[in-house]
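Asks:
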Amino acid sequence: MSISTARVSLQTLLFLVFTVSGAQKLTITLNKASTIHISNTQVRGCRVCTGPVGSRQCGQSLLLKDTTSVSLLFDCSRPQDVFKVEIVQNIDCTTTWCNGHIIQTDSSYLPLLDFKRTFTWNLKASALTSVKIDFTKTGLRQIHPSEICPDSHTYTLQVPHTTGSVTIGKFCRGGLISNAQILNHGSFSLEVPAGQKLQNGQFDVSVGDTSNFAKITLTFPKGISSSELLSPNYPDSFPDDDEMEWHFQVSDKHKISVQFLKLTEPQCQRKKAEVVYQGEKTEILSLTDHQPYEISGNVSLKLRNCRMSEKGLSLNFKVSTSTIWPEEAEVQVMKDSPKNSAPNSRQPSMLIINLTVVTSFLAIVVIGLLVACVVIRKKKNRNHQTPANHANYSTYVLPGHSDLSTTNADEYHVYTKIDDTLVYSHLLEKVAC
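Count the sequence shown with mature numbering (1 follows the signal peptide of the UniProt record, and there is no 0) and you get residues -23 to -1, 1 to 410, in order.
Written out as structure tokens, the structure reads:
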């Protein structure tokens, strides 16, 4: 019987690999406050064992904790094909601070590199307090459950619920998600395939501020960008009679549009399923309403489920941002179709616009009337300025006539200027004659 040994020393790490008649042996050193769960759910007859030969204990799974170093014996030649490993760490938060951060490193678990590994961080906060995970340095993007991340690093955020465990979503590195919050407690995990070395990194953990069971924040860059999002448990049902929030942060002079790509409506027994938009104002829409396509500034979207009877709620939607043009910045209103809008949701904005138009029109009318009055008054003043005597007016008499008093009725008199009093006095003289 031949025995091959390999020894690697890396900081506090020491492991040995033996092949003994088809069996494999590993020696690992655990990190402080870590728990390792090794399980086999595929092949019978391949077990993992611990302890000396005389008192060795074997089984389909093994839980390691509160130990510094342990030797493992797998009684099959390729245990990495049938066993999976989960490495768990706990992070506790009070109402003001947390006792640790999410640190990605597998330097202490290199002997397990050939196994499929899941790194899990259990997050726990005080009652009615949330835990916040900061992804600002790398950013995350949500993916469909069947999708695979390009770098083979897949993150999952889960929370317990009265209806069972809820998967908030699966995520890849590199995206617009800047942080996530969960209420009270939950878990954040990273899956790495066999043979894939873990990428080092750190996500800061702090106390959050949400009262919903989960909240995801996206920070959009300047210009045009978009992100696709999924409701919890997608394509399965959103939690019954509960609410989740997505918060969208944009740069100044930017607008947000929301588009529902795929919707499964629930069968409600009590209450209504609806979408709540909170920004400069609050707008409540039903799931079938046309969703806002121009919202300026930062906005929160809350998906609120009803008490369901059978069919569950699921939603796949897209959020896009773009720059507001200068002419659009003058009037910052939502431009939904009136027939699809919530009652009275846009009346304040439309009232302001209507009042502005009416006021401008009235101002123009008043100015026009003032100008007309001034012109008319000037004309009246000019017409009432009568000379002291008629000698001031130049009078032209037809040839052969000496003055007006001897003029016959059929003769014409031409004046350079005619005053009302002159005309009427002339006629009165003729009548008197």
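Ideal placement from N, C-alpha and C gives every residue a C-beta, glycine not left out.
In chain order, what residues of the same chain lie with their CB nearer than 6 Å to the CB of Q246, ignoring the 5 residues before and after it?
Replies: Start at 1 with the first residue of the sequence shown, and residue 246 comes out as number 269. Closer than 6 Å at Cβ, skipping near neighbours: R284, S286.
Asks: Tell me whether R21 sits in a helix, a strand or coil according to DSSP, three-state version.
Replies: Counting from one through the sequence shown, the residue named residue 21 turns up at place 44. It is coil, neither helix nor strand.
Asks: Using the Cα positions of I64 and D213, report the straight-line distance between them to the nearest angstrom.
Replies: Numbered from its first residue, the sequence shown carries residue 64 at position 87. Numbered from its first residue, the sequence shown carries residue 213 at position 236. Take the alpha-carbon of I64 and the one of D213: they are about 28 Å apart.
Asks: Using the beta-carbon count (16 or more within 10 Å), is G185 buried or exposed?
Replies: If you number the sequence shown from 1, residue 185 lands on position 208. Answer is buried; the Cβ neighbour count reaches 16.
Asks: Give the list of continuous beta strand (DSSP E) stretches no shorter than 3 residues that lie fully inside the region 7 to 84.
Replies: 11 to 17, 25 to 27, 34 to 36, 38 to 41, 46 to 51, 60 to 69, 79 to 81
Asks: Can you tell me which of the three DSSP states F338 falls into?
Replies: In the sequence shown, residue 338 corresponds to position 361, counting from 1. Residue state, collapsed to three classes: helix.
Asks: Quick check: the region 259 to 274 against the region 158 to 170, are at least 3 beta-carbon pairs closer than 8 Å?
Replies: When C-beta atoms of the region 158 to 170 are compared with those of the region 259 to 274, fewer than three pairs fall below 8 Å, so the two segments do not count as touching.
Asks: Less than 8 Å between the C-beta atoms of S107 and L175, yes or no?
Replies: Walking along the sequence shown from the start, residue 107 turns up at place 130. Walking along the sequence shown from the start, residue 175 turns up at place 198. Not in contact: S107 and L175 (Cβ atoms no closer than 8 Å).
Asks: Locate the beta strand (DSSP E) running through H138, then write down its first and last residues.
Replies: As a working note, residue 138 is residue 161 in the sequence shown. Neither: H138 is in no beta strand (DSSP E) and is coded neither H nor E.
Asks: By the 10 Å Cβ neighbour count, where 16 or more other Cβ atoms means buried, how is D229 classified, buried or exposed?
Replies: Along the sequence shown, one-based indexing puts residue 229 at 252. Exposed.
Asks: In whole angstroms, what is the alpha-carbon distance linking H130 and V252?
Replies: Within the sequence shown, the letter at position 153 stands for residue 130. Within the sequence shown, the letter at position 275 stands for residue 252. A straight-line Cα-Cα distance of about 32 Å links H130 and V252.
Asks: Note down the Cα distance separating K288 from D219, rounded to an integer number of angstroms.
Replies: Here the question's residue 288 lines up with position 311 in the sequence shown. Here the question's residue 219 lines up with position 242 in the sequence shown. Their backbone Cα atoms lie some 15 Å apart in a straight line.
Asks: I'd like the span of the beta strand (DSSP E) that includes D111, first residue to last.
Replies: Sequence index remark: in the sequence shown, residue 111 carries index 134 (1-based). Segment 107 to 111, the beta strand (DSSP E) holding D111.
Asks: The beta strand (DSSP E) with A191 in it runs from where to where?
Replies: As a first step, residue 191 is located in the sequence shown; it is residue number 214 there, counting from the start. Residues 191 to 196.
Asks: Name the residue from V348, Q1, F180 whose alpha carbon lies nearest to the alpha carbon of I154.
Replies: Walking along the sequence shown from the start, residue 154 turns up at place 177. Of V348, Q1, F180, the residue nearest in Cα terms is F180.
Asks: Which of the three DSSP states, helix, strand or coil, is assigned to I201?
Replies: Along the sequence shown, one-based indexing puts residue 201 at 224. Coil.
Asks: Closest to T113 by CA distance: which of I353, G178, C53 is it?
Replies: In the sequence shown, counting from the first residue as 1, residue 113 sits at position 136. Among I353, G178, C53, the Cα nearest to that of T113 belongs to G178.
Asks: Could you check whether F92 and L206 sit closer than 8 Å to each other, using their CB atoms as the reference points?
Replies: Here residue 206 corresponds to residue number 229 of the sequence shown, with the count starting at 1. Here residue 92 corresponds to residue number 115 of the sequence shown, with the count starting at 1. No, they are not a contact pair.
Asks: Grouping DSSP H, G and I as helix and E and B as strand, with all else coil, what is S379?
Replies: Within the sequence shown, the letter at position 402 stands for residue 379. In this predicted model, S379 has a pLDDT of only 46, less than 50, meaning its place in the structure is not dependable; the value taken from the coordinates is given anyway. Three-state DSSP puts S379 in coil, outside helix and strand.
Asks: Tell me which residue opens and which closes the beta strand (DSSP E) that E220 is part of.
Replies: Residue 220 sits at position 243 when you count from the first residue of the sequence shown. Here the beta strand (DSSP E) through E220 covers 220 to 226.
Asks: Please give me, in chain order, every unbroken run of the alpha helix (DSSP H) with length at least 4 that falls completely inside the region 139 to 173.
Replies: none
Asks: Assuming S299 contacts H231 under a Cβ cut-off of 8 Å, what Cβ separation, rounded to an integer in Å, is found between them?
Replies: Looking up residue 299 in the sequence shown gives position 322. Looking up residue 231 in the sequence shown gives position 254. The beta-carbon separation of S299 and H231, rounded to 7 Å, stays under the 8 Å limit for a contact.
Asks: Alpha carbons only, please: which of G152, S142, F148 is nearest the one belonging to H162?
Replies: Position 185 of the sequence shown, counted from the first residue, corresponds to residue 162. Answer by Cα proximity: S142.
Asks: Which two residues bound the contiguous beta strand (DSSP E) that contains W302?
Replies: Looking up residue 302 in the sequence shown gives position 325. Segment: none, W302 is in no beta strand (DSSP E) and carries neither H nor E.
Asks: Check I344 in the structure and name its three-state DSSP category.
Replies: Taking the first residue of the sequence shown as 1, we reach residue 344 at position 367. Three-state result, I344: helix.
Asks: From this set, P216, V227, N8, E222, which residue's C-alpha is nearest N275's C-alpha?
Replies: Sequence index remark: in the sequence shown, residue 275 carries index 298 (1-based). That would be V227, whose Cα lies nearest to the Cα of N275.
Asks: Look up D181 in the DSSP assignment and give the residues it is bridged to.
Replies: Here the question's residue 181 lines up with position 204 in the sequence shown. Note: D181 sits in a beta bridge opposite D111.
Asks: Under 8 Å Cβ to Cβ from Q34, same chain only, skipping five residues before and after it: list those, please.
Replies: One-based indexing of the sequence shown puts residue 34 at position 57. So the list reads C26, T27, G28, once near-sequence residues are dropped.
Asks: Beta-carbon separation of S291 and S208 under 8 Å?
Replies: For this step, residue 291 is matched to residue 314 along the sequence shown. For this step, residue 208 is matched to residue 231 along the sequence shown. Yes, Cβ-Cβ distance for S291 and S208 is below 8 Å.
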